[in-house]
Amino acid sequence: MSPGNVAVKKKTPPSSGDKQHPIGLDIGTANIVVYMDERTDAGVQMEANAFFTVPSMPNTRKILEDKSVRFFEKENCLHILGTAAETFSNILGGATRRPMENGLVNLREDDGIHVIQAILDPMLPEPVQKDHSLWFSVPGDPIDRQGAVIFNESIFKTYLKGRGYMPRPINEAMAVVMSELSDQHATGIGISMGGGMCNVCFSYLSIPAVTYSIQKGGDFIDQTVGRSVGESATKIKSIKEQALDLGVAPRNNIEHGLHAAYDDLFATLADSLAKGLRGSDNMPRLSQAVPIVLSGGTVLPPGSRERFETILNEIDLPIRIATVMQARDPLYATARGAYLMAAADES
Ligand SMILES: Nc1ncnc2c1ncn2[C@@H]1O[C@H](COP(=O)(O)OP(=O)(O)O)[C@@H](O)[C@H]1O
Ligand SMILES: [Mg+2]
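Read in my numbering, the sequence shown has 500 at position 146, and its numbers run on one by one without any break.
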């Protein structure tokens, strides 16, 4: 299947010059993040992993190209890509579509893989040399669906190899540990709460001892609240992102629903931690207390760290928790961890 024509936004990633930049890549259900340099803002790029379809009119293509909007043309339709898709859906009404669902490539969406590639193509620079090191995040197996992630990993590996990279996978929550717990010898629990899933990794001295995911996240919150109050998930998502504070009492039905859905998600996670750690043969017998670090867009509302800690305190875990902290930059922590691995690869 031909991916059709792809218009590329004129913004180009920072030039690598002659030097090979390590690259960290996080392909999530909601967002794709490329991390290439800690020191400049231009070293991090994020695009929504989404597209919005409009009919192809005679002038539309030219206007979109002039406005540097990325799109992909197929069968008299234009798929507007990335963050621009969200802008179009807000202005024109209607929902964006997603190439991924619950953390995995949605195989029911025909153009899904091509859409992801079209979003990624201009975000990644040309490799400077053969086998340029690139680490990309992969989810852990969902608790009740062993093996579900293998297909995902191989799709992205094939694409990245085709672009001339030497791709290396890293578990998404392990990448969070590498990014945030380096001064604790990479020992602790990383949790990445994204749109489609939550990933968990217990790392001991940088070795991932227990990893798994649950297929619930921000999308679950938007959908369950939307259903119960009779609003679209898109509207709930926007209220959640702009106004939710889990530290203050809810003021209306939507906020009541959001608080309840967050409690449900946090309780599911806390419960899974108790079961996942207790049930694992790999769980190190540790006497020391370990930190938990929370990341991903779903932990952004104020009060979420405290709320998660309260719910976790009600659960009997097989390990002592020293502290529950939030990642410095929850949307970038996974990509940053992958970047640090790529940087270490080169030194
Ligand atoms: N300020 C915010 N408050 C609450 N939720 C947010 C905020 N910003 C983003 N999110 C949610 O975070 C999720 C995306 O997080 P991300 O870590 O990028 O996910 P993924 O790994 O699935 O791509 C979405 O569900 C989005 O609604
Ligand atoms: Mg993620």
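Cβ coordinates follow ideal geometry from the N, Cα and C atoms, glycine included.
Task: Span of the beta strand (DSSP E), counted from its first residue to its last, around M679 - done: Residue 679 sits at position 325 when you count from the first residue of the sequence shown. Start and end: 675-680.
- [ ] Take P493 as the anchor and find which of D699, A698, G584, A689 has the nearest alpha-carbon.
- [x] Taking the first residue of the sequence shown as 1, we reach residue 493 at position 139. If we check each option's Cα against that of P493, A689 comes out closest.
- [ ] Could you tell me whether the Cβ atoms of R462 and T383 are closer together than 8 Å?
- [x] Numbered from 1 along the sequence shown, position 108 holds the residue referred to as residue 462. Numbered from 1 along the sequence shown, position 29 holds the residue referred to as residue 383. Their beta carbons are not under 8 Å apart, which means R462 does not touch T383 by this criterion.
- [ ] Tell me where the alpha helix (DSSP H) around V469 begins and ends.
- [x] Taking the sequence shown and counting its residues from 1, one reaches residue 469 at position 115. According to the DSSP assignment, V469 belongs to the alpha helix (DSSP H) that extends over 466-474.
- [ ] Compute the minimum distance between the beta carbon of N385 and the heavy atoms of ligand 1, and state whether it is under 7 Å.
- [x] Taking the first residue of the sequence shown as 1, we reach residue 385 at position 31. Flag set: Cβ of N385 near ligand 1.
- [ ] Given a cut-off of 8 Å, decide if G549 and G304 are closer than it, judged by their beta-carbon atoms.
- [x] No statement about residue 304 is possible, as the shown extent of the chain runs from 355 to 701 and does not include it.
Open item on the list: Taking 7 Å as the cut-off, is the beta-carbon of G378 closer than that to any non-hydrogen atom of ligand 2?
Closed with: As a working note, residue 378 is residue 24 in the sequence shown. For ligand 2, not one heavy atom lies less than 7 Å from the Cβ of G378.
- [ ] In the DSSP assignment, find the alpha helix (DSSP H) that holds R690 and state where it starts and stops.
- [x] Indexing the sequence shown from 1 puts residue 690 at position 336. Segment 687-700, the alpha helix (DSSP H) holding R690.
TODO: Return yes when the Cβ of F620 is within less than 8 Å of the Cβ of R661, no when it is not.
DONE: Translated into positions along the sequence shown, residue 661 becomes position 307. Translated into positions along the sequence shown, residue 620 becomes position 266. Their beta carbons are under 8 Å apart, which means R661 touches F620 by this criterion.
Task: Identity of the residues DSSP links to M327 by a beta bridge - done: Lying outside 355 to 701, the shown extent of the chain, residue 327 is not represented and no answer is given.
- [ ] Please confirm whether any heavy atom of ligand 2 lies closer than 7 Å to the CB of T688.
- [x] Residue mapping note: residue 688 aligns to position 334 of the sequence shown, counting from 1. Correct: T688 has its Cβ closer than 7 Å to ligand 2.
TODO: Please list, in chain order, all residues of the same chain as L535 whose beta carbon is under 8 Å from its beta carbon, the five residues on each side excluded.
DONE: The sequence position of residue 535 within the sequence shown is 181, counting from 1. Around L535: T541, G542, G544, S557, P645, V647.
Open item on the list: With H, G and I counted as helix, E and B as strand and the rest as coil, what does DSSP make of A502?
Closed with: Along the sequence shown, one-based indexing puts residue 502 at 148. Shown here, A502 sits in coil according to DSSP, grouped into three states, outside any helix or strand.
Open item on the list: Does the beta-carbon of S546, which I'm using as the reference point, lie nearer than 7 Å to any heavy atom of ligand 2?
Closed with: For the purposes of this step, residue 546 is taken as the residue at position 192 of the sequence shown. Yes, Cβ of S546 sits closer than 7 Å to a heavy atom of ligand 2.
Open item on the list: If you follow the beta strand (DSSP E) that I445 is in, where does it begin and where does it stop?
Closed with: Taking the sequence shown and counting its residues from 1, one reaches residue 445 at position 91. Premise fails: I445 lies in the alpha helix (DSSP H), 437-446, not in any beta strand (DSSP E).
Open item on the list: Following a CB-centred definition, is E595 positioned closer than 7 Å to any heavy atom of ligand 1?
Closed with: To locate residue 595, count along the sequence shown from 1; it is residue 241. Distances taken from the Cβ of E595 to the heavy atoms of ligand 1 include one shorter than 7 Å.
- [ ] Following the continuous alpha helix (DSSP H) through H610, name the residue where it begins and the one where it ends.
- [x] Taking the first residue of the sequence shown as position 1, residue 610 is located at position 256. Where H610 is concerned, the enclosing alpha helix (DSSP H) starts and stops at 607-633.
Task: Nearest residue (CA-CA) to S592, options P409, T652, L671, M547 - done: Indexing the sequence shown from 1 puts residue 592 at position 238. Among P409, T652, L671, M547, the Cα nearest to that of S592 is on T652.
Task: Sequence-distant residues of the same chain with beta carbon closer than 8 Å to V408, five excluded per side - done: Walking along the sequence shown from the start, residue 408 turns up at place 54. T414, C431, L432, I434, F442, L446.
TODO: Give every residue of the same chain whose Cβ lies closer than 6 Å to the Cβ of T588, excluding the five residues on either side of it in the sequence, and list them in chain order.
DONE: Against the sequence shown, residue 588 aligns to sequence position 234. Taken in chain order, the residues that qualify are A449.
Task: Reduced DSSP secondary structure (H/G/I, E/B, other) of K428 - done: Indexing the sequence shown from 1 puts residue 428 at position 74. The answer is strand: DSSP assigns K428 an E or B state.
Task: Environment of I568 [buried if 16+ CB atoms lie within 10 Å] - done: The residue you call residue 568 lines up with position 214 of the sequence shown. Classification of I568: buried, given that the 10 Å Cβ count is 16 or more.
Open item on the list: Using C-beta distances below 7 Å, list every residue in its chain close to Y513, excluding the 5 sequence neighbours before and after it, in chain order.
Closed with: For the purposes of this step, residue 513 is identified with residue 159 of the sequence shown, where counting begins at 1. Same-chain partners within the cutoff: Q471.
Open item on the list: Just list the residues that DSSP pairs S491 with in beta bridges.
Closed with: Within the sequence shown, the letter at position 137 stands for residue 491. S491 is bridged to I524.
TODO: Compare the beta carbon distance of N525 and T565 with 8 Å and say whether it is the shorter of the two.
DONE: Locating residue 525 in the sequence shown gives position 171, counting from the first residue. Locating residue 565 in the sequence shown gives position 211, counting from the first residue. Taking 8 Å as the Cβ cut-off, N525 and T565 qualify as a contacting pair.
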